[in-house]
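Only one structure is covered here, and it is reproduced in the block below.
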């Protein structure tokens, strides 16, 4: 008998701005996955390009939620963590993975803590050390180049990159954190294309995926990519085809937002791209 796959999404949630949980929940649901959500914080809006947003930390609520779920015997086929607001939350996610993962569950960790060569303002060097510990438990790690450099204690390098540099980076990440899969986003070998690279450390196989670069600042693309990647993976696609599906979906959402003239500060118009995503998954 085939059972519906389940996933726990551990992210913050913004009232406006389609990122974190407001991206993960609809995307995984469209992929046919039953999603349990564990909010880490509530914000009035997403933070990119917007000021004076409200922020409420939910760290104190997480243990009670975990205790309740534990008491009713909840288990998941996947755990998916994104933005975590504190070192304490990183530790709680580590405990969550131990308690609520089925024996063959996959843990996807998006170490959302930095971009463009800089750590997010709310974090410090101690947070990086805690994130390293969490990545040690992950089956799939999905960093950008800034996060990858910080996880490896290396200097951030601006694009464009060489094939040798990118290959060395993903191999070092897999070795450092003992992860089966590394998916590195923001790969650029030239000014015209951007994409991602996937590395399967068990098979020692690597694959690049590129699309035409769209000029502009588009918030929440990382959340869309990681969420659609996990949706594809839970539908039986291997890591390389999952990256292809996720990249196609993310770029389609960017192009649709440009076409409609939407304000990208409030997220991308991904809703109109969901049918194609579902068809690519084979669920529609």
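In the numbering used here, the protein residues as written are 17 to 300.
We treat Cβ as the ideally placed atom computed from N, Cα and C, and that holds for glycine.
For residue i, the nearest candidate out of the options (CA to CA)
| i | options | result |
| --- | --- | --- |
| residue 125 | 254, 34, 289, 27 | 27 |
| residue 122 | 197, 165, 211, 139 | 197 |
| residue 55 | 105, 93, 86, 46 | 105 |
| residue 244 | 295, 215, 112, 182 | 295 |
| residue 58 | 41, 45, 47, 36 | 36 |
| residue 143 | 100, 157, 164 | 100 |
| residue 232 | 81, 49, 267 | 267 |
| residue 95 | 41, 131, 133 | 41 |
| residue 234 | 227, 173, 168, 284 | 284 |
| residue 114 | 238, 169, 91, 227 | 91 |
| residue 207 | 228, 214, 77, 217 | 228 |
| residue 137 | 145, 46, 102 | 102 |
| residue 166 | 157, 178, 148 | 148 |
| residue 307 | 84, 156, 86, 25 | An answer regarding residue 307 cannot be provided, because it is not within the stretch 17 to 300 covered by the chain. |
| residue 67 | 265, 82, 281 | 281 |
| residue 83 | 69, 93, 111 | 111 |
| residue 178 | 218, 224, 220 | 224 |
| residue 258 | 272, 86, 220, 216 | 216 |
| residue 226 | 265, 181, 276, 278 | 265 |
| residue 168 | 174, 135, 188 | 188 |
| residue 81 | 279, 277, 53 | 53 |
Any non-hydrogen atom of the ligand NAD closer than 8 Å to residue i Cβ
| i | result |
| --- | --- |
| residue 144 | By its list of ligands, the structure shown contains no ligand whatsoever, and the ligand NAD lies outside what it can speak to. |
Beta-carbon proximity of residue i to residue j, cut-off 9 Å
| i | j | result |
| --- | --- | --- |
| residue 89 | residue 64 | no |
| residue 109 | residue 117 | no |
| residue 186 | residue 255 | no |
| residue 30 | residue 61 | yes |
| residue 39 | residue 250 | no |
| residue 212 | residue 262 | yes |
| residue 130 | residue 170 | no |
| residue 222 | residue 183 | yes |
| residue 286 | residue 43 | yes |
| residue 139 | residue 201 | no |
| residue 274 | residue 230 | yes |
| residue 299 | residue 25 | no |
| residue 272 | residue 297 | no |
| residue 175 | residue 161 | yes |
Residue i burial status per 10 Å Cβ neighbour count (16 or more: buried)
| i | result |
| --- | --- |
| residue 71 | exposed |
| residue 141 | exposed |
| residue 333 | Any question about residue 333 goes unanswered here, given that the chain covers just 17 to 300. |
| residue 120 | exposed |
| residue 20 | exposed |
| residue 247 | buried |
| residue 159 | buried |
| residue 293 | buried |
| residue 133 | exposed |
| residue 291 | exposed |
| residue 51 | buried |
| residue 238 | buried |
| residue 49 | buried |
| residue 236 | buried |
| residue 145 | exposed |
| residue 127 | buried |
Residues that DSSP places opposite residue i in a beta bridge
| i | result |
| --- | --- |
| residue 92 | 117 |
| residue 72 | 58 |
| residue 227 | 210 |
| residue 162 | Residue 162 pairs with nothing; no bridge assigned. |
| residue 25 | 53, 96 |
| residue 110 | Looking at the DSSP assignment, residue 110 forms no beta bridge with any residue, so it has no partner. |
| residue 125 | 97, 157 |
| residue 267 | Its beta-bridge partners do not exist; DSSP assigns none. |
| residue 301 | Because residue 301 is not part of the residues shown, which for the chain are 17 to 300, the question remains open. |
| residue 221 | 216 |
**Report entry** Contact between the region 178-198 and the region 152-165 (3+ Cβ pairs under 8 Å)
**Finding:** In short, these stretches touch, since the Cβ pair count reaches three.
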